[in-house]
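A.B. asks: The opening position of the sequence shown corresponds to residue 24 in my numbering, with each subsequent residue numbered one higher. Backbone N, C-alpha and C fix where the C-beta goes; we use that ideal spot for every residue, glycine too. Next up is a structure, given as structure tokens.
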Amino acid sequence: MALACLADSVVILTDEVQLDAFMTNYAEDTKHHKPLFVLSGGSNVLLPAKLNAIVLRPQMRGIKVIAQTDAYIDIEVMAGENWHDLVVYTVTKGWYGLENLALIPGLTGAAPIQNIGAYGMQLEDCLQSVRAYHLPSRTWHDLSAVDCEFDYRDSMFKRQPNTWLISRVGFRLHTDATKVRASYGDVQIVAQDYAAQHGRSKPTPADVMHAIIEIRQQKLPDPKHLPNCGSFFQNPIIPQAQFTALQSYYPTIVGYPMPDAMTKVAAGWLIEQAGLKGGGIAPIVTHQQQALVLTNHAPYIATKQDVAAAQKYIADTIYEKFAIQLSREPVWVNTNGSIGYKEHVV
Ligand SMILES: Cc1cc2nc3c(=O)[nH]c(=O)nc-3n(C[C@H](O)[C@H](O)[C@H](O)COP(=O)(O)OP(=O)(O)OC[C@H]3O[C@@H](n4cnc5c(N)ncnc54)[C@H](O)[C@@H]3O)c2cc1C
């Protein structure tokens, strides 16, 4: 969101040993204890103007093949690898599975935090393992996907903020170029077009990746040119009965069936339907092409309070109209480095 932030100090970590060394010193220096805050690419955080914390920045690099058969390949990726570059690298190598998550900003170590997802896929579909440091006990842990307790835009890491530092992520990718997930939204049409242009009757995973890049570039503002943190609100999950009742008033409401008689509602549709496309509280307003994205149009440096005011106005309007509570997706960071996630009024 391009909110200016000044932190007490920043520690760049280029390998795991550095973290061990830093934490030993940190534990010994009981006099000057400051809170710790882990920051990767900064694309999903709302930072305060002054952060009274030590910022740890995991920037370890490297991609290693761990195991390979004809059908699959296991890789381990260090936290500091750029996520989109990793997607392009794997697809180019003929290792498939991550293609639907192309063009999501940020670094690989942050991807498990909210179980990044897009176009019918979530990180947990390919993730095998996570190596993470438990900051309070100063111990390393090798965690399985089950240990991470993934959920929609959620994980055990997200529920225990400032407790873990992820240093590596393991993936199992496949080598079957006929296996694609292209049924979501307009991906099928664009991927099919892309395949046809290249003389193929069916899209390959590379075609799906190119289609998703094209769709995202058209729909989402580039944070470098128009500051934003992607989807600002999560798609709310409501009881199927409530969705059916809403459908009788709003036949075009968009929802996706979920387990346990629940329905995931398209938050962008709700915002648009409430007449808030392009609306908000200046300088923070929703994007004209994608109502779910809040953009920062400040001619001066906007603050977290500007974002909070726009969030409250939009969420309150949606609640009044549909009786649906919207939750914020990006991470709200307080001055002492603590984190507020779900709260509606900030
Ligand atoms: C234009 C745009 C589009 C986006 N599209 C999507 C999308 O389609 N799907 C989606 O899921 N997200 C999307 N996002 C959100 C964002 O890209 C992801 O959440 C991404 O994983 C954040 O990565 P980051 O490196 O910037 O993390 P940061 O913003 O630096 O950190 C996010 C959180 O993770 C914690 N964290 C970061 N790294 C680590 C680590 N190594 N160990 C422990 N904790 C850590 C931080 O403390 C913070 O709480 C989008 C964002 C933008 C700006």
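Please name the residue in Thr309, Gly360, Leu315 and Val40 whose C-alpha comes closest to that of Thr162.
C.D. replies: Numbered from 1 along the sequence shown, position 139 holds the residue referred to as residue 162. Minimum Cα distance to Thr162 is reached at Val40.
A.B. asks: Helix, strand or coil for Ala90 per DSSP?
C.D. replies: Taking the first residue of the sequence shown as position 1, residue 90 is located at position 67. Correct three-state label for Ala90: strand.
A.B. asks: Please name the residue, chosen from Asp230, His248, Asn258 and Trp106, that lies closest to Pro322 on a Cα-to-Cα basis.
C.D. replies: The residue labelled residue 322 in the question sits at position 299 within the sequence shown. Checked all of Asp230, His248, Asn258 and Trp106; the closest Cα to Pro322 is His248.
A.B. asks: Closest to Thr318 by CA distance: which of Leu124, Gln311, Ile307 and Asp108 is it?
C.D. replies: Residue mapping note: residue 318 aligns to position 295 of the sequence shown, counting from 1. Out of Leu124, Gln311, Ile307 and Asp108, Ile307 has the C-alpha closest to the C-alpha of Thr318.
A.B. asks: Let me confirm a value: Glu366 is counted as buried when at least 16 other C-beta atoms fall within 10 Å, else exposed. Which label applies?
C.D. replies: Here residue 366 corresponds to residue number 343 of the sequence shown, with the count starting at 1. Low confidence applies to Glu366: its pLDDT is 45, below 50, so where it sits in the model is not reliable enough to give any reading.
A.B. asks: Cα-Cα, which of Leu315, Val354 and Gln241 is closest to Lys327?
C.D. replies: As a first step, residue 327 must be located in the sequence shown, where it is residue number 304. That would be Val354, whose Cα lies nearest to the Cα of Lys327.
A.B. asks: Counting pairs of Cβ atoms below 8 Å between the segment 169-184 and the segment 192-203, do you hit three or more?
C.D. replies: No: fewer than three Cβ pairs fall under 8 Å.
A.B. asks: If we ignore side chains and look at the alpha-carbon of each, how far apart do Gln240 and Tyr142 end up?
C.D. replies: Translated into the one-based positions of the sequence shown, residue 240 becomes position 217. Translated into the one-based positions of the sequence shown, residue 142 becomes position 119. Distance between the alpha carbons of Gln240 and Tyr142 is about 14 Å.
A.B. asks: Taking 6 Å as the cut-off, is the CB of Leu130 close to at least one heavy atom of ligand 1?
C.D. replies: In the sequence shown, residue 130 corresponds to position 107, counting from 1. Yes, ligand 1 has a heavy atom inside 6 Å of this Cβ.
A.B. asks: In chain order, which continuous runs of the alpha helix (DSSP H) of length 4 or greater are located wholly inside the segment 134-192?
C.D. replies: The qualifying runs are 179-182.
A.B. asks: Compute the minimum distance between the beta carbon of Leu269 and the heavy atoms of ligand 1, and state whether it is under 6 Å.
C.D. replies: The residue given as residue 269 occupies position 246 in the sequence shown. Because no heavy atom of ligand 1 lies under 6 Å away, the Cβ of Leu269 does not count as near it: no.
A.B. asks: Quick check on the burial criterion: 16 or more other C-beta atoms within 10 angstroms. Buried or exposed for Glu51?
C.D. replies: For the purposes of this step, residue 51 is taken as residue 28 along the sequence shown, with counting starting at 1. Exposed: under 16 other Cβ atoms inside 10 Å.
A.B. asks: Taking all protein chains shown into account, decide if Ser190 is buried (16 or more other Cβ within 10 angstroms of its Cβ) or exposed.
C.D. replies: Residue numbering aside, residue 190 sits at position 167 when the sequence shown is read from its first letter. Its Cβ being crowded by 16 or more others within 10 Å, Ser190 is buried.
A.B. asks: Which class does Leu124 belong to by DSSP, given the choice of helix, strand or coil?
C.D. replies: Within the sequence shown, numbered from 1, the residue matching residue 124 stands at position 101. Helix at Leu124.
A.B. asks: Any contact of the segment 89-99 with the segment 62-73, i.e. 3+ C-beta pairs under 8 Å?
C.D. replies: Cβ pair count under 8 Å is below three, so no.
A.B. asks: DSSP state of Pro228, grouped into three classes?
C.D. replies: Position 205 of the sequence shown holds residue 228. Pro228: helix per DSSP, three-state reduction.
A.B. asks: To which residues of the same chain is Gln82 closer than 7 Å at the C-beta, ignoring the five residues directly before and after it?
C.D. replies: Along the sequence shown, read from residue 1 onward, the residue named residue 82 stands at position 59. Correct list, in chain order: Ile35, Leu36, Thr37 and Gly103.
A.B. asks: Can you look up Val33 in the DSSP assignment and give me helix, strand or coil?
C.D. replies: Taking the sequence shown and counting its residues from 1, the one referred to as residue 33 is at position 10. Residue state, collapsed to three classes: strand.
A.B. asks: On the DSSP letters alone, give me the boundaries of the alpha helix (DSSP H) that Ile96 sits inside.
C.D. replies: Your numbering for residue 96 matches position 73 in the sequence shown. Here Ile96 belongs to no alpha helix (DSSP H); instead the beta strand (DSSP E) covers Tyr95 to Met101.
A.B. asks: Enumerate in chain order the residues of its own chain whose CB-to-CB distance from Ala234 is below 6 Å, with the five nearest sequence positions on each side excluded.
C.D. replies: Indexing the sequence shown from 1 puts residue 234 at position 211. Excluding residues within five positions, the ones whose Cβ falls inside 6 Å are Val210, Val213, Ala214 and Tyr217.
A.B. asks: For ligand 1, is there any heavy atom lying closer than 6 Å to the beta carbon of Ser63?
C.D. replies: On the sequence shown, position 40 is the one that residue 63 refers to. Within the cutoff, so yes.
A.B. asks: Report yes if the C-beta of Cys252 is less than 6 Å from at least one heavy atom of ligand 3; otherwise report no.
C.D. replies: No copy of ligand 3 appears in this structure; the ligands present are ligand 1.
A.B. asks: Does the Cβ of Ser32 lie closer than 6 Å to at least one heavy atom of ligand 1?
C.D. replies: Counted from its first residue, the sequence shown places residue 32 at position 9. Answer for Ser32: no, Cβ out of range of ligand 1.
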